[in-house]
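One structure is given here, and the rest of the page talks about it.
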Amino acid sequence: MKIAKGILVALTLGAVSFGAVSAELLTKEAYNDHKDQYVKVGTITTSGEMSPSDAKDELSKKADALGGKFYVVTSADTENKIHGTADVYNKK
10 MKIAKGILVA
20 LTLGAVSFGA
30 VSAELLTKEA
40 YNDHKDQYVK
50 VGTITTSGEM
60 SPSDAKDELS
70 KKADALGGKF
80 YVVTSADTEN
90 KIHGTADVYN
100 KK
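Terminal number for the sequence shown in this note's numbering: 101, no gaps in between.
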């Protein structure tokens with residue numbers, strides 16, 4: 010019984026520590042369909058990334074740092090390395 014409780018406590022603590030949700034990428038279309046539900050909290054950029062997934066991860070981390078829950082990519086350039094700009098939003 011004590012072992013079962015220990016496992017339950019460990020799983021619960023693990024779920025809490027890994028339960029952090031990072032900012033979600035919104036398409037421009039999804040944002041435009043529901044503009045009135047969002048408030049802009051800032052703009053972020055990334056540059057020098059080697060892959061699209063690295064750029065996406067970096068933008069998500071920067072949106073998190075601003076306290077945003079969503080971001081919309083406003084520009085991207087793939088000449089040599091990836092550069093991107095995004096607006097960060099929260100729901101109203």
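Note that CB positions come from ideal geometry on N, CA and C, so glycine has one too.
query                                                                                                                                                          : result
Residues in its own chain within less than 6 angstroms of Y40 by CB, not counting five upstream and five downstream?                                           : V81
Taking just the CA atoms, how far does A64 sit from N89?                                                                                                       : 13 angstroms
Report the residue from E67, S84, I91, F79 whose alpha carbon sits nearest the alpha carbon of H43.                                                            : F79
Helix, strand or coil, according to DSSP, for E38 in the structure here?                                                                                       : helix
Taking the continuous beta strand (DSSP E) assigned at A32, which residues delimit it?                                                                         : Segment: none, A32 is in no beta strand (DSSP E) and carries neither H nor E.
S56: which of L68, V50, K101, L35 sits nearest, CA to CA?                                                                                                      : L68
State the CB to CB distance for the pair T49 and Y98, rounded to an integer number of angstroms; the pair is presumed to be in contact (CB under 8 angstroms). : According to the sequence provided, residue 49 is Lys. The question's Thr does not apply to it. Going by Cβ atoms, the distance from K49 to Y98 rounds to 6 angstroms, so yes, they are a contact pair.
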